[in-house]
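**Student:**
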């Protein structure tokens, strides 16, 4: 048996459709032009605290909690007392301060008395120099004791009161350094705490972060200040828009990802830390040839479009297109600037082509 392969002209003729006047009225034809094309990447994300407005409150001294007034979820103001601590360490430091302060006062009197005696010619200058040296050493000890009390949380007013009253106060209030909401509380009455312990976490929840991990292959997509969109699983139907406030400068060697963050306002407190979310990042727009998605004809699992070759003839041409975005697709191969394509009515043309092919 002799098999005859169809010529290329015969094959091309099967891809060309001649439209009658009735069919032409159903077609909409445009010329291929340039437009802004965007690629996008959707990442799993989570809601996190705005770490720039979070404070972990502890104590500067070891002691035992004797009172706590703050509860989880409470709104607090800056400087408000959260708990009260009884510290033996603080009492010992105050005792050392009072003793050193007394020594300084005593040695200062000795120096003044020696100065008067030297002025009267009773003692030599060497004697007063010795006493001045002892006074300077005592003043160094006093400054050390003062700095230790400041490090333990005592203010200048507290030090002035201690010097005046000369009474040891081993009770120390634990106060918050920022205003916000108590989101963590790790303290109970009677608990012995140390400076390394975080007793309360205070956060300003009026803003939150959306945090995601961007694969290193797409790391060049994200830049600080880029617009992004977030959807929250617990808030269906809502799309929240914002900007990237942080793109890590280093790749995590364990996950091979780059951390990105977006900031969102949260006036109603609907966004809860640790909620699951999705973050959509768009690649910066570039000018590319674009095609309305309505023009695309799927045939044999490939993308095609009808290109006008004459006023009433149209050729079905295979094309390679990018991902759909806002109703358009970037043209990778198959078309050039100015080609006229059918964007409406392509289905009718394809039906006519298939009928001609069967005939």
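Residue numbers (the working numbering): 1132 to 1490.
For each residue, glycine too, the CB sits at the ideal point set by N, CA and C.
If I follow the unbroken beta strand (DSSP E) through residue 1434, where does it start and stop?
**Tutor:** Locating residue 1434 in the chain shown gives position 303, counting from the first residue. First-last of the beta strand (DSSP E) with residue 1434: 1433-1441.
**Student:** Apart from the five residues on each side of it in sequence, which residues of its chain come closer than 6 angstroms, Cβ to Cβ, to residue 1481?
**Tutor:** Position 350 of the chain shown holds residue 1481. Only 1428 meet the Cβ criterion.
**Student:** What would DSSP say about residue 1137, mapped onto helix, strand or coil?
**Tutor:** Here residue 1137 is taken as the residue at index 6 of the chain shown, counted from 1. With a pLDDT of 38 at residue 1137, under the threshold of 50, the predicted position of this residue should be treated as unreliable, though the coordinate-derived value follows. If DSSP states are grouped into helix, strand and coil, residue 1137 belongs with coil.
**Student:** To the nearest angstrom, how far is the alpha carbon of residue 1286 from that of residue 1259?
**Tutor:** Residue mapping note: residue 1286 aligns to position 155 of the chain shown, counting from 1. Residue mapping note: residue 1259 aligns to position 128 of the chain shown, counting from 1. Answer to the nearest angstrom: the Cα atoms are 35 angstroms apart.
**Student:** Please name the residue in 1341, 1388, 1314 whose C-alpha comes closest to that of residue 1350.
**Tutor:** Mapped onto the chain shown, residue 1350 falls at position 219. Considering only alpha carbons, the answer is 1388.
**Student:** Measuring CA to CA, which of 1224, 1367, 1269 is closest to residue 1233?
**Tutor:** Here the question's residue 1233 lines up with position 102 in the chain shown. Closest option to residue 1233, Cα to Cα, is 1269.
**Student:** For residue 1479, name the three-state secondary structure that DSSP assigns.
**Tutor:** The residue you call residue 1479 lines up with position 348 of the chain shown. In this structure, residue 1479 counts as helix in the three-state DSSP scheme.
**Student:** For chain B, is any of its Cβ atoms less than 7 angstroms away from the one on residue 1182?
**Tutor:** Within the model displayed, chain B is absent; a lone protein chain is all it includes.
**Student:** Using the rule of at least 16 other Cβ atoms within 10 Å of the residue's Cβ for burial, across every protein chain shown, is residue 1437 buried or exposed?
**Tutor:** Position 306 of the chain shown, counted from the first residue, corresponds to residue 1437. Flag for residue 1437 reads buried.
**Student:** Which runs of the beta strand (DSSP E), 3 residues or longer, sit entirely within the region 1320-1381?
**Tutor:** Runs found: 1331-1334, 1338-1346, 1358-1363, 1370-1378.
**Student:** Would DSSP call residue 1249 helix, strand or coil?
**Tutor:** Looking up residue 1249 in the chain shown gives position 118. DSSP places residue 1249 in helix when its eight states are reduced to three.
**Student:** At which residue ranges does the region 1192-1231 contain complete alpha helix (DSSP H) runs of 4 or more residues, listed in the order of the chain?
**Tutor:** Whole alpha helix (DSSP H) segments, 4+ residues: zero.
**Student:** Might you give, ordered along the chain, the residues of its own chain that have their beta carbon closer than 8 angstroms to the beta carbon of residue 1403, omitting 5 neighbours on each side?
**Tutor:** In the chain shown, counting from the first residue as 1, residue 1403 sits at position 272. Contacts found: 1178, 1365.
**Student:** What residue range does the alpha helix (DSSP H) around residue 1287 cover?
**Tutor:** On the chain shown, residue 1287 is found 156 positions in, with the first residue counted as 1. Per DSSP, residue 1287 belongs to the alpha helix (DSSP H) from 1287-1296.
**Student:** In angstroms with no decimal places, state the Cα-to-Cα distance between residue 1439 and residue 1453.
**Tutor:** The count along the chain shown starts at 1 and reaches residue 1439 at position 308. The count along the chain shown starts at 1 and reaches residue 1453 at position 322. Near 22 angstroms, if we compare the C-alpha coordinates of residue 1453 and residue 1439.
**Student:** By the 10 Å Cβ neighbour count, where 16 or more other Cβ atoms means buried, how is residue 1407 classified, buried or exposed?
**Tutor:** Reading the chain shown from its first residue, position 276 is the one you call residue 1407. Result: exposed.
**Student:** How far does the beta strand (DSSP E) with residue 1161 in it reach, from first residue to last?
**Tutor:** As a working mapping, residue 1161 is identified with position 30 in the chain shown. Per DSSP, residue 1161 belongs to the beta strand (DSSP E) from 1159-1162.
**Student:** Please state whether DSSP places residue 1264 in a helix, a strand or coil.
**Tutor:** Counting from one through the chain shown, the residue named residue 1264 turns up at place 133. Three-state DSSP puts residue 1264 in a helix.
**Student:** Quick check: the Cα distance between residue 1368 and residue 1362, rounded to an integer number of angstroms?
**Tutor:** Indexing the chain shown from 1 puts residue 1368 at position 237. Indexing the chain shown from 1 puts residue 1362 at position 231. Their Cα atoms are separated by approximately 8 angstroms.
**Student:** Report back the beta-carbon spacing between residue 1352 and residue 1412 to the nearest angstrom; my notes put them in contact at under 8 angstroms.
**Tutor:** If you number the chain shown from 1, residue 1352 lands on position 221. If you number the chain shown from 1, residue 1412 lands on position 281. Contact holds; Cβ gap of about 6 angstroms.
**Student:** Quick check on the burial criterion: 16 or more other C-beta atoms within 10 angstroms. Buried or exposed for residue 1405?
**Tutor:** As a working mapping, residue 1405 is identified with position 274 in the chain shown. The residue in question, residue 1405, is exposed, as its Cβ has fewer than 16 Cβ neighbours within 10 Å.
**Student:** Please list the terminal residues of the continuous alpha helix (DSSP H) segment that includes residue 1152.
**Tutor:** The residue you call residue 1152 lines up with position 21 of the chain shown. Note, residue 1152: alpha helix (DSSP H), 1152-1155.
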